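Order-wise, the sequence lines are chains A and B.
Here the first sequence is numbered in the numbering used here, starting from 1 and rising by one per residue.
Here the second sequence is numbered in the numbering used here, starting from 1001 and rising by one per residue.
Yeah, the Cβ is synthetic: ideal placement off N, Cα and C, and Gly gets one too.
All values reported here derive from a predicted model rather than from experimental measurement.
2 protein chains.
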Amino acid sequence: MNAAASLPSSLLEQLQTIVGEQRVKTDEDSLKSWGVDWTKHFEPRPSAIVFPGSTEEVQAIVKLANQFNIAITPSGGRTGLSAGAVAANGEIVISLDRMNKVLSFLHADRLVRIQAGVVTEQLQQYAEQQGLYYPVDFAAAGSSQMGGNIGTNAGGIKVIHYGMTREWVLGLTVVTGKGDILHLNKGMIKNATGYALHQLFIGSEGTLGIVTEAEIKLTRQPQDLKVLVLSVPDFAAVMPILHAFQQRIDLTAFEFFNHVALEKVLAHGHAVRPFDTESPLYVLLEFEGRFEAVVDDAMQIFEHCMEQGWILDGVMSQSQAQAEALWHLREGISETIAPFTPYKNDISVLITHVPAFIADIDAVVAANYPDFEVCWFGHIGDGNLHLNILKPADLTKDEFFEKCKVVNQFVFETVQKYNGSISAEHGVGMTKKDYLTYTRDPIEIEYMRELKKVFDPNGIMNPGKIFDLS
Amino acid sequence: MNAAASLPSSLLEQLQTIVGEQRVKTDEDSLKSWGVDWTKHFEPRPSAIVFPGSTEEVQAIVKLANQFNIAITPSGGRTGLSAGAVAANGEIVISLDRMNKVLSFLHADRLVRIQAGVVTEQLQQYAEQQGLYYPVDFAAAGSSQMGGNIGTNAGGIKVIHYGMTREWVLGLTVVTGKGDILHLNKGMIKNATGYALHQLFIGSEGTLGIVTEAEIKLTRQPQDLKVLVLSVPDFAAVMPILHAFQQRIDLTAFEFFNHVALEKVLAHGHAVRPFDTESPLYVLLEFEGRFEAVVDDAMQIFEHCMEQGWILDGVMSQSQAQAEALWHLREGISETIAPFTPYKNDISVLITHVPAFIADIDAVVAANYPDFEVCWFGHIGDGNLHLNILKPADLTKDEFFEKCKVVNQFVFETVQKYNGSISAEHGVGMTKKDYLTYTRDPIEIEYMRELKKVFDPNGIMNPGKIFDLS
């Protein structure tokens, strides 16, 4: 049975009137493609996919959905990892695919106005054409859309210096769940006129309304990026290394990965061993080396850290090609470990607590599942850890995930112990909502529910994401 | 009659039980001091001033106020310029004066946890003692409290590089209008677990609840700050100068002031004329000159701008003392013009629109009030303009302000024409709420009202600020 059959035919007709007949899809293939994100945990089951071309069309669809009391799932590049854009319950999917234009650019303000369907990489390239830079970057940049990035406040590999998506959003046009169009903050840096509603929409995963346009700030292009990869004896050494460099150099990245991760990437054959000294941990850091004096500074700090025993070995890129090769040691991890069916977690604790946090998790895994390989990597400069447990070859997927559930419970309890976040940058969606109380107090969640009612009194905007309404 | 007489005696007794007898003040002097901010537009008339020592005491007071249906005005350093902390209608003022401690510091995270009554300058000094820097700085830093800065999302002179207060707040403890204690975001850089409630509290001027503690990020101390003061022929030249410098140098300030402002400061006698070339406009810019190559870069850009005719003359500081002397040309303006009873406005438009905006205002003032001197200065690097009209000696205050009201209307209409903000960094409070619709749509204000009801259903938190409830 076609899921779309469940939609009243008058609703379908009205949707077609709003966007054009060809822009409402109800065939099985379309429902399957636009009904999921990268999680694949849930069976997609939307009723229809609609492709509006303007904010006003989105508004008309939202008003119609309210009238028929049908739920809506906003849909961007569908690269989410928490099922925030999955339509599993007969929702109308509003795809922003057609709203993919750069609308205007103000040179003096370094401000670009875009539609929400603009792909991250497209914005990065547009910025480059203006001699500028959009610094939020991550693995999915080639497909993720800016509306989705705003919905999850996307982070990535440059957060230590450039911050999250939130830092770059100076204005939003949204259609609320009620069907109102709001033009929020209009690109201003300074605007002290009451509640920052655009901040509330950033990271709200489409549960308050749909972002249709945004004003995005751009910045100066970084020049002559230098990359250092360091081998480090233990976690206790990571903090003083970070401190020593940060005191004098503005780092654009400070990443780490463990030995398991490095060996997997090297075995995969697409990267070259940076040095012979093996160690439990590796740090990758990056900075702008446009002035010789900064590079000299970095070398001095490096030597100081060697003398202190915090660094065992290290290498600094001498060219852009070398810098890219060194980055591949870190960026190749996700792809490399994919065949090992990794059990993934994206968590965050204060940097101070990272060593104790990792030690706690490692100890429990080693005690209970000595045959599990744990691949750690992440953005240690901002406390964001990616925990990946690799499936031993002799376990079936089901057996493995059953055991991981036990570890999962312990991971989230440990996150709570250190006042951390169960989702650093992937959002809550459907996959993490049952664990939300490990990070947010029940009373905070109650306030979130009440806030949602203000913007979406009928509860039609992406229901079942972040929290359930009751 | 003592205003406090209007409070039920059982309420007064219970307040004394919560904070201690000596910490509830109802004498006329205290009511007058703690009932006002720097605006002095309104007659203070609070019922009592209460000095809690902990979040729990604040919570108990808020619960009591709900029970008795008495309004509360949160009170920090009372340096506000929009009457956001004025208690003019029998409110209980909750002063954070006693909650002025630094609670803890995490080195690896560069994170300091403070009580909301910590004074801005106290935090700046604490940061310095850790070898770090708190970069939000403005004229009132010696008295303003961090809770108040958070309430208005304070900006100041370094926003172009360091952003507003919002950028530095990684966590808040608040007591909501309902009396709930929320620990929001807990210091994390990355936390994608639903609505960013702390962002909503930043800039809400105490209308949703009271900030009692905050986690504040610190950063590296800037080194060898260099200051350039430039004379510029017209506004058309300001944008290419900004662009030329920003392309290669990370500016920490880009300020401007007009000839009227410079002459007043020089006449005041506390500053030295930077060069002989007079011009309608002056720009002050600042950057870190810790590497010789950056200073060379700046000189090259300066020369290029001279060749283009964008700069007529200029001077660069050769020492810290000179840098401070040059800053005084800009920072001395407010104090210098105070005796001229200036009519002030703090507005913001996109940088692109600044020249047209200023030309519009100047033309209207010149046509209608040719005897008015207009003193312009501000943070042009972020679109924030301070408009000051000076009172001619032959007008009385009342005559002058009567005429200014007419100009005011035109100023706000012009702000609206350019999609700007009627309050860039001073907040709305009571003085600007009647003009809020020039920046925020009525429908946005309606959403703000509904959001307030979620946190403060009885409407007791700082009522009459930002907007009226009905």
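Contact with chain B by residue i, beta-carbon distance below 8 Å
| i | result |
| --- | --- |
| Glu286 of chain A | no |
| Ala108 of chain A | yes |
| Tyr488 of chain A | This structure cannot settle anything about residue 488 of chain A, because the visible part of chain A is limited to 1 through 470. |
| Glu255 of chain A | no |
| Phe291 of chain A | yes |
| Leu242 of chain A | yes |
| Val159 of chain A | yes |
| Tyr133 of chain A | no |
Neighbour flag for residue i against chain A, beta carbons, 8 Å
| i | result |
| --- | --- |
| Lys1063 of chain B | no |
| Ser1204 of chain B | yes |
| Gln1199 of chain B | yes |
| Val1428 of chain B | yes |
| Tyr1282 of chain B | no |
| Gly1177 of chain B | no |
| Glu1013 of chain B | no |
| Thr1352 of chain B | yes |
| Gly1332 of chain B | no |
| Val1294 of chain B | yes |
| Asn1408 of chain B | no |
First through last residue of the alpha helix (DSSP H) which encompasses residue i
| i | result |
| --- | --- |
| Leu218 of chain A | Here Leu218 of chain A belongs to no alpha helix (DSSP H), and DSSP marks it neither H nor E. |
| Phe410 of chain A | Lys397 to Lys417 |
| Tyr126 of chain A | Thr120 to Gln129 |
| Leu1329 of chain B | Gln1320 to Glu1331 |
| Arg1449 of chain B | Pro1442 to Phe1455 |
| Glu1091 of chain B | It is not in any alpha helix (DSSP H) - Glu1091 of chain B carries neither H nor E in the DSSP assignment. |
| Asn368 of chain A | Val354 to Asn368 |
Buried or exposed by the 16-neighbour rule on C-beta atoms within 10 Å, applied to residue i
| i | result |
| --- | --- |
| Gly464 of chain A | buried |
| Lys1397 of chain B | exposed |
| Val272 of chain A | exposed |
| Val1406 of chain B | exposed |
| Gly1269 of chain B | exposed |
| Gly1309 of chain B | exposed |
| Met299 of chain A | exposed |
| Asn368 of chain A | exposed |
| Leu1246 of chain B | The displayed chain sequence assigns Gln, not Leu, to residue 1246 of chain B. Burial call: buried. |
| Gln223 of chain A | exposed |
Residue i (DSSP reduced to helix, strand or coil)
| i | result |
| --- | --- |
| Trp376 of chain A | strand |
| Gln1308 of chain B | coil |
| Ser30 of chain A | helix |
| His386 of chain A | strand |
| Met1299 of chain B | helix |
| Glu1278 of chain B | coil |
| Ala1004 of chain B | Bear in mind that the predicted position of Ala1004 of chain B carries a pLDDT of just 48, short of 50, making it unreliable; the figure below should be weighed with that in mind. DSSP places Ala1004 of chain B in helix when its eight states are reduced to three. |
| Lys40 of chain A | coil |
| Pro1285 of chain B | Here the sequence assigns Leu to residue 1285 of chain B, which means Pro is not the residue at that position. Leu1285 of chain B: strand per DSSP, three-state reduction. |
| Phe1471 of chain B | Given that chain B is displayed from residue 1001 to residue 1470, the structure contains no residue 1471 of chain B and the question cannot be resolved. |
| Met1461 of chain B | strand |
| Arg1045 of chain B | coil |
| Ile61 of chain A | helix |
| Ser75 of chain A | strand |
| Met334 of chain A | Note on identity: in this sequence residue 334 of chain A is Ser, with Met being the wrong assignment. If DSSP states are grouped into helix, strand and coil, Ser334 of chain A belongs with the helices. |
| Thr1431 of chain B | coil |
| Phe291 of chain A | coil |
| Tyr438 of chain A | helix |
| Ser104 of chain A | strand |
| Leu132 of chain A | strand |
| Ser1009 of chain B | helix |
Limits of the beta strand (DSSP E) - the one that residue i falls within
| i | result |
| --- | --- |
| Asp346 of chain A | Tyr343 to Ser348 |
| Lys226 of chain A | Leu225 to Val232 |
| Asp1313 of chain B | Asp1313 to Met1316 |
| Gln1115 of chain B | Leu1111 to Gln1115 |
| Ser1144 of chain B | No beta strand (DSSP E) holds Ser1144 of chain B; DSSP gives it neither H nor E. |
Checklist entry - Along the chain, which unbroken stretches of the beta strand (DSSP E) at least 3 residues long are found entirely within the region 1189-1217 of chain B? => result If we require 3 residues or more, the beta strand (DSSP E) runs fully inside the region 1189-1217 of chain B come out as 1209-1217.
Checklist entry - Which ranges does the alpha helix (DSSP H) cover as unbroken runs of at least 4 residues, wholly within the region 1156-1186 of chain B, from first to last along the chain? => result 1159-1162
Next on the checklist: Quick check on the DSSP output: what are the complete alpha helix (DSSP H) runs of length 4 or more inside the region 234-262 of chain A, in order along the chain?
Outcome noted: 235-248
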